[in-house]
Amino acid sequence: MAANPGERTRRRLSTGERRDQLLTVGARLFSESPYDEVWIERVAEIAGVSRGLLYHYFPTKRDFFAAVVERESERMLRMTAAVPGVPARTQLGAGLDVYLEYVRTHAHGYRAFHRADAAGDRSVRRVYQRALAAQERQILAALAADPEFGPAVGARPGTKLAVRGWLAFTTAVCLEWLRDPELSQEQVRDLCARALLGVISP
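Just so you know, we're using our numbering here: the sequence shown kicks off at -2 and counts up by one.
In structure tokens:
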């Protein structure tokens, strides 16, 4: 008997594809709603899987959230990766534009991530620490390769600490900006750029 033309065969997803699908749904929901208002049942419903299958991949909601944040952190690193041959000053502004746009469009997830870290949640703290270390390495590598900042970066033992402090400063600025958007995105970008340049300039 001929198949119904209106029917579509649903391809079975591999383990990696299914996990990626669930994380994509989670990223959207956590960006749209506060952490406490995102229900695992809703994630499963949108993905078209059972709640039990979702828990097979992620034992708890917090584990699921941590995995979402880790994937988003890796994506952000790729989006802000240094471009060889482009001055660090130029890349700083462009990287902050990408970062701030992400913060603005994923406000709920950004807040939830930092609240969970402050509360001492171990699974999220591990993700947070890995993301922070990766951001530090990326920034330091870009500065070290830059003709303007490279020599000073190599000669200053406190550069790594200064970059880590700047990342904390930028986080605090972004959280306050989300709470009270008095400044425009461009003004926040320039504020953060000046702060970093102030501590690393030769």
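In this text, a Cβ means the ideal position worked out from N, Cα and C, and glycines have one as well. Keep in mind it's a predicted model, so treat the numbers as computed, not measured.
{"Asked": "Cα-Cα separation, residue 121 to residue 14", "Found": "23 Å"}
{"Asked": "Own chain partners of residue 105 with C-beta closer than 8 Å, once the 5 adjacent residues on each side are dropped", "Found": "27, 28, 29, 30, 31, 32"}
{"Asked": "Own chain partners of residue 110 with C-beta closer than 6 Å, once the 5 adjacent residues on each side are dropped", "Found": "66"}
{"Asked": "Local conformation of residue 47 per DSSP, three classes", "Found": "coil"}
{"Asked": "8 Å CB neighbourhood of residue -2 in its chain, flanking five on each side removed", "Found": "The predicted position of residue -2 is uncertain, since its pLDDT is 41 and thus under 50; a value taken from the coordinates is nonetheless stated next. For residue -2, where only same-chain residues beyond five positions count, there are no Cβ hits under 8 Å."}
{"Asked": "Neighbour-count burial assignment, residue 103, 16 or more Cβ in a 10 Å radius", "Found": "buried"}
{"Asked": "DSSP three-state assignment for residue 163, whether helix, strand or coil", "Found": "helix"}
{"Asked": "Touching by the beta-carbon criterion (3+ pairs, under 8 Å), the segment 129 to 136 and the segment 60 to 80", "Found": "yes"}
{"Asked": "Contact check, residue 188 vs residue 164, beta carbons under 8 Å", "Found": "no"}
{"Asked": "Backbone secondary structure at residue 70 - three-state DSSP", "Found": "helix"}
{"Asked": "Helix, strand or coil at residue 53 [DSSP, three-state]", "Found": "helix"}
{"Asked": "Own chain residues within Cβ distance below 6 Å of residue 142, not counting five before or after", "Found": "none"}
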